[in-house]
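These notes are about the structure you will find just below.
Numbering (my numbering), first residue to last: 183 to 318.
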């Protein structure tokens with residue numbers, strides 16, 4: 183699994199993969215009491231929450247790379263899952279901390295290889311547009 187240029191363990195679990203509904207729906211009543219339903223397909227905005235859940239440990243040096251990504255505004259990043267699916271994502275800052283890292287063992291001064299349990303909150307967005315090609 184890879185987020186931008188950061189290699190992640192392949193055992194991260196996509197915990198909200200099946201809670202997404204690609205169809206948006208609005209319901210309202212007309213003045214006559216009839217039910218009016220509108221539906222449309224959501225193009226982007228799917229949450230992707232990746233959690234180690236005890237199955238994968240992430241070294242501190244990787245957590246530090248994730249911090250650098252997290253601290254950049256509006257950075258669109260490629261996410262490649264172990265099954266080959268690819269998404270363009272940004273950090274989801276509206277549903278809690280976009281990056282959580284809890285040490286596996288408490289240490290006063292953890293080294294770069296200290297293991298952490300990590301949660302990443304991401305959100306799908308439109309892929310960045312390709313830069314225009316210059317005229318010959």
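Positions of the beta carbon are idealized from the N, C-alpha and C atoms, including for glycine.
* Asked: In this structure, what does DSSP give as the bridge partners for residue 297?
  -> Residue numbering aside, residue 297 sits at position 115 when the chain shown is read from its first letter. Answer is 241.
* To do: Following the continuous beta strand (DSSP E) through residue 269, name the residue where it begins and the one where it ends.
  => For the purposes of this step, residue 269 is taken as the residue at position 87 of the chain shown. Residue range 268-273 is occupied by the beta strand (DSSP E) that includes residue 269.
* Which value, in whole angstroms, describes the spacing of the CA atoms of residue 264 and residue 184? -> As a first step, residue 264 must be located in the chain shown, where it is residue number 82. As a first step, residue 184 must be located in the chain shown, where it is residue number 2. Between residue 264 and residue 184, the alpha-carbon positions lie close to 8 Å from each other.
* **Sequence-distant residues of the same chain with beta carbon closer than 8 Å to residue 219, five excluded per side** => Taking the first residue of the chain shown as 1, we reach residue 219 at position 37. Setting aside the 5 residues that flank it on each side, residue 219 is surrounded in the same chain by 207, 208, 209, each with a C-beta closer than 8 Å to its C-beta; the list follows chain order.
* To do: Assign residue 280 to buried or exposed, taking buried as 16 or more other Cβ atoms, counted over all protein chains shown, within 10 Å of its Cβ.
  => Here residue 280 refers to the residue found at position 98 when the chain shown is read from its first residue. Around the beta-carbon of residue 280, 16 or more other beta-carbon atoms lie within 10 Å, marking it buried.
* Bridge-paired residues (DSSP) for residue 204 -> Position 22 of the chain shown holds residue 204. In DSSP, residue 204 forms no bridge with anything.
* Asked: Based on the DSSP output, what are the partners of residue 259 in its beta bridges?
  -> Here residue 259 is taken as the residue at index 77 of the chain shown, counted from 1. Answer is 271.
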